[in-house]
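A short worksheet on the structure shown next.
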Amino acid sequence: MKVSKEELLHIAKLANLKINDDESESYLRNLNDILNFADVINKLDTENISETIGSTDNVNVFREDEIKVFEDNAALLQNAPEEEDNMFKIPKVI
Amino acid sequence: MELYELTVHELIEKLDKKEITISDITKSYLSRIKEKEDDVQAFVTVTEKEALEKAEELDKKETRTKYMGIPIGIKDNICTKGLKTTCSSKMLENFIAPYDATVMEKINNENMITLGKLNMDEFAMGSSTEFSAFKTTKNPWDLKRVPGGSSGGSAASVASNMVPWALGSETGGSIRQPSSLCGTVGLKTTYGLVSRFGLIAFASSLDQIGPVTKDVEDNALLLNVIAGYDSKDSTSKNIEKKDYTKALVNDVKGLKIGVPKEFFGEGINDEVRESIIQAIEKYKELGAIVEECSLDIANEALSTYYIIAGAEASSNLGRFDGIRYGYRTKNASNLKEIFVNSRTEAFGPEVKRRIITGTYVLSSGYYDAYYKKAQKVRTIIKDKFNELFSKYDVLITPTSPTVAFGIGEKTDNALEMYLADLCTIPINIAGVPALSLPCGVDKEGMPIGMQIIGKHFDEETIYRAAYTYEQNTKFRETYKPYFKK
Chain A
64 MKVSKEELLH IAKLANLKIN DDESESYLRN LNDILNFADV INKLDTENIS
114 ETIGSTDNVN VFREDEIKVF EDNAALLQNA PEEEDNMFKI PKVI
Chain B
350 MELYELTVHE LIEKLDKKEI TISDITKSYL SRIKEKEDDV QAFVTVTEKE
400 ALEKAEELDK KETRTKYMGI PIGIKDNICT KGLKTTCSSK MLENFIAPYD
450 ATVMEKINNE NMITLGKLNM DEFAMGSSTE FSAFKTTKNP WDLKRVPGGS
500 SGGSAASVAS NMVPWALGSE TGGSIRQPSS LCGTVGLKTT YGLVSRFGLI
550 AFASSLDQIG PVTKDVEDNA LLLNVIAGYD SKDSTSKNIE KKDYTKALVN
600 DVKGLKIGVP KEFFGEGIND EVRESIIQAI EKYKELGAIV EECSLDIANE
650 ALSTYYIIAG AEASSNLGRF DGIRYGYRTK NASNLKEIFV NSRTEAFGPE
700 VKRRIITGTY VLSSGYYDAY YKKAQKVRTI IKDKFNELFS KYDVLITPTS
750 PTVAFGIGEK TDNALEMYLA DLCTIPINIA GVPALSLPCG VDKEGMPIGM
800 QIIGKHFDEE TIYRAAYTYE QNTKFRETYK PYFKK
């Protein structure tokens, strides 16, 4: 096992997810399965190989920094779980 | 013959000759949806009323343009203004897109008619649509089997004639694999050819939108509409606009086809292998130059994919926090609990699995061993494809290692489900285009797909190869889905 249950729960916490005790076994098995399968790439020599970050050779795609106003506020706010006076509402933070 | 049985190029011909109206077409497809949707379950939303209104309005116009009034189905991860766009997730169950994806602007500019939004695996993660939070789409050839995924709704709706064509999306095989399993023609476009603006992100360096159609000609027609540079997508490529229908030439004489032997070995079903070998024989007969070659990277590509796609997904899906849009938990007394409980309650198990894999490979201590290593292997895989394409015009392999599998057969074992994409995923890693074309059926009558892979931005040669095979074999005229119960 590459990953322990404690590590799994730590990872879940980083990802803002909660994993119950009865689910943890299946998540653990899946993560270990994938990591074991992925061992095949460790057999490849990548010493002098550069990383491919994206799929195109585009670099530094620049454009003018122009302000474009999205007029339809209502369309945006209709998706908000809670809103008040054109603002997203959340529980008190401070 | 019913109108819904026709291809789009046949519909356009009839419209041009004024033999039919746009309303006739819309009504025909809507009646077909009424007849088959209960069995197939391909739609998340059907826009019947809007479609009929638009059809009537378009019928009143005096001049017509080519694509005017042609119905279309849209995968539910593509933003459609004013319409629910759910990604088949509880997280976005009530999300109404505030704007159109660039592909939707193009489709609306052509005055096409959206018939509805199509089911998929949640956030496009899966190979069977069984991970949809709402319903499992059924395979129109055999309703006890999966249609493939994640664009299962797109392929199943086209195969069952509920839409004449559809848009799907790919991150790792999600157009081609369901196309193979449902007997449709599906193209994964070169990364950068079609704008991703408004496609809800899964893994941004891999995601692409593409057409799912009844035949190759329709596929080229739809690509003509959606391809093109978009300043709103910085990874979209500024290349000259092409007319892909010019590539529909019934001739493969002298075409150099490479056949990577590793894609015909272990793990590939015997009948699938035999069917592709026969298709390759057909190409020889038609004058193509066929040669065996080597591309020994399938397992490496699959590993690379699950690392990179997981990493990008864990980052992309970080935006779902229950604040600005999407699901918000009722069980929270502070902000942190809103984040954690909203995500935990609204994401399905496969989405969580991928987020966890992604978070792990990006976490401190494992970044170099997994993520960085995978990015390097990605370079190796790209180079191998480039090397082969210095010798060959196209490569041919099976699209899927098997025909459609049974519902529930692979949901317990994530890794086994992932292997369904063994033949398709290397293409996404390399960023090249590839098309799945039906080339036969197995003993039980289930469709088999052949994958034709091309060079970066050379969709034309793929179309030429596919069109020639199709014209000389006529799959659509020979086999039809039988909705076996």
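Protein chains in written order, with our numbering: chain A, 64 to 157; chain B, 350 to 834. Where is the CB? At the ideal position from N, CA and C, for every residue including glycine. Since the structure is predicted, the reported quantities are computational estimates derived from the model, not experimental observations.
Interface residues of chain B around E114(A) at Cβ under 7 Å? Translated into the one-based positions of the first sequence, residue 114(A) becomes position 51. Per Cβ cutoff of 7 Å: K721, Q724, K725 and T728.
Range covered by the beta strand (DSSP E) that runs through F392(B): As a first step, residue 392(B) is located in the second sequence; it is residue number 43 there, counting from the start. Counting along the chain, the beta strand (DSSP E) containing F392(B) begins and ends at F392 to V395.
For E72(A), decide whether its Cβ has a neighbour in chain B, counting only Cβ atoms nearer than 8 Å. In the first sequence, residue 72(A) corresponds to position 9, counting from 1. The residue you asked about is not Glu; residue 72(A) is Leu in the sequence shown. No, no contact with chain B.
Chain B contact residues for V156(A), given Cβ-Cβ distances below 7 Å: Residue 156(A) sits at position 93 when you count from the first residue of the first sequence. Residues of chain B passing the Cβ test: L684.
List, in chain order, every chain A residue whose beta-carbon is nearer than 9 Å to that of V689(B). If you number the second sequence from 1, residue 689(B) lands on position 340. Simply K76, N79, L80 and K81.
Inter-residue spacing [alpha-carbon to alpha-carbon] between K721(B) and T538(B): Looking up residue 721(B) in the second sequence gives position 372. Looking up residue 538(B) in the second sequence gives position 189. Taking the straight line joining both Cα atoms gives about 26 Å.
Counting only Cβ-Cβ distances shorter than 7 Å, please list the residues of the segment 118-135 of chain A near chain B, keeping chain order. S118, T119, N121, V124, R126 and D135
Give the residues of chain B in contact with N93(A), contact being defined as C-beta atoms less than 7 Å apart. Here residue 93(A) refers to the residue found at position 30 when the first sequence is read from its first residue. Going along chain B in sequence order, the residues near N93(A) (Cβ under 7 Å) are R702 and A763.
Residues that E649(B) contacts on chain A, provided the C-beta gap is smaller than 7 Å: The residue labelled residue 649(B) in the question sits at position 300 within the second sequence. Ordered by position in chain A, the residues that pass the 7 Å Cβ test against E649(B) are V103, I104 and L107.
Please compile the residues from chain B whose C-beta is within a distance smaller than 8 Å of the C-beta of D84(A). Position 21 of the first sequence holds residue 84(A). Within chain B, no residue comes near D84(A); the closest Cβ sits about 14 Å away, beyond 8 Å.
Is there a Cβ from chain A that is less than 8 Å from the Cβ of T396(B)? Indexing the second sequence from 1 puts residue 396(B) at position 47. Closer than 8 Å: no.
Nearest-angstrom Cβ-Cβ length linking K846(B) and L542(B), presumed shorter than 8 Å: Residue 846(B) lies beyond the range of chain B shown here (350 to 834); nothing can be said about it.
Starting from the Cα of D582(B), find the closest Cα among S544(B), V601(B) and D600(B) and give me that residue. As a first step, residue 582(B) is located in the second sequence; it is residue number 233 there, counting from the start. Comparing Cα positions, the closest option is S544(B).
Name the residue from A814(B), G522(B), R825(B) and D365(B) whose alpha carbon lies nearest to the alpha carbon of Y593(B). The sequence position of residue 593(B) within the second sequence is 244, counting from 1. Closest option to Y593(B), Cα to Cα, is A814(B).
Which residues in the same chain have their Cβ closer than 7 Å to the Cβ of I646(B), if we skip the five residues on either side of it in sequence? Along the second sequence, read from residue 1 onward, the residue named residue 646(B) stands at position 297. Here the set comprises I730, K733 and P775.
Using Cβ-Cβ distances below 7 Å, what residues of the segment 778-812 of chain B are close to chain A? G780
First and last residue of the uninterrupted alpha helix (DSSP H) at V710(B): As a first step, residue 710(B) is located in the second sequence; it is residue number 361 there, counting from the start. From DSSP, the alpha helix (DSSP H) with V710(B) extends over P698 to L711.
Under 8 Å, with one C-beta from each stretch per pair, do the segment 654-667 of chain B and the segment 783-790 of chain B reach the 3-pair mark? no
Helix, strand or coil at F613(B) according to DSSP, with G and I counted as helix: Position 264 of the second sequence, counting from 1, holds the residue named residue 613(B). It is helical.
Can you tell me which residues form a DSSP beta bridge with M799(B)? For the purposes of this step, residue 799(B) is taken as the residue at position 450 of the second sequence. Partner(s): P747(B) and L786(B).
Between L744(B) and chain A, is there a C-beta pair that is closer than 8 Å? Walking along the second sequence from the start, residue 744(B) turns up at place 395. So, not an interface residue.
From M440(B), E661(B), I462(B) and A718(B), pick the residue whose C-alpha is nearest to that of V689(B); which is it? Taking the first residue of the second sequence as position 1, residue 689(B) is located at position 340. Among M440(B), E661(B), I462(B) and A718(B), the Cα nearest to that of V689(B) belongs to M440(B).
Three-way DSSP call (helix, strand, coil) for M350(B) in this model: Residue 350(B) sits at position 1 when you count from the first residue of the second sequence. Residue state, collapsed to three classes: coil.
Rounded to the nearest angstrom, what separates N762(B) and E110(A) at their Cα positions? Translated into the one-based positions of the second sequence, residue 762(B) becomes position 413. Translated into the one-based positions of the first sequence, residue 110(A) becomes position 47. N762(B) and E110(A): Cα-Cα distance of roughly 34 Å.
Which one of N568(B), S438(B), S528(B) and A576(B) has the shortest CA to CA distance from E588(B)? Translated into positions along the second sequence, residue 588(B) becomes position 239. Note that residue 588(B) is Ile in the sequence shown, not Glu. Of the listed residues, the one whose Cα sits closest to I588(B) is A576(B).
For K466(B) and I423(B), which I take to be in contact (beta-carbon distance under 8 Å), what is that distance rounded to the nearest angstrom? To locate residue 466(B), count along the second sequence from 1; it is residue 117. To locate residue 423(B), count along the second sequence from 1; it is residue 74. About 6 Å; that satisfies the 8 Å criterion.
Listing by chain order, which chain A residues have their CB less than 7 Å from the CB of Y540(B)? Working through the second sequence from its first residue, we reach residue 540(B) at position 191. Chain A residues near Y540(B): S118 and T119.
So G607(B) packs on K740(B), CB below 8 Å; how close in whole Å? Taking the first residue of the second sequence as position 1, residue 607(B) is located at position 258. Taking the first residue of the second sequence as position 1, residue 740(B) is located at position 391. Their Cβ separation, rounded to whole angstroms, is 7 Å, which keeps G607(B) and K740(B) in contact under 8 Å.
Do the segment 369-379 of chain B and the segment 695-714 of chain B meet, that is, are 3 or more Cβ pairs less than 8 Å apart? no
Closer than 8 Å is the cut-off here; do at least three beta carbon pairs connect the segment 597-612 of chain B with the segment 798-817 of chain B? yes
Please report how far the alpha carbon of Y578(B) lies from the alpha carbon of L407(B), in whole angstroms. Locating residue 578(B) in the second sequence gives position 229, where the first residue counts as 1. Locating residue 407(B) in the second sequence gives position 58, where the first residue counts as 1. Near 28 Å, if we compare the C-alpha coordinates of L407(B) and Y578(B).
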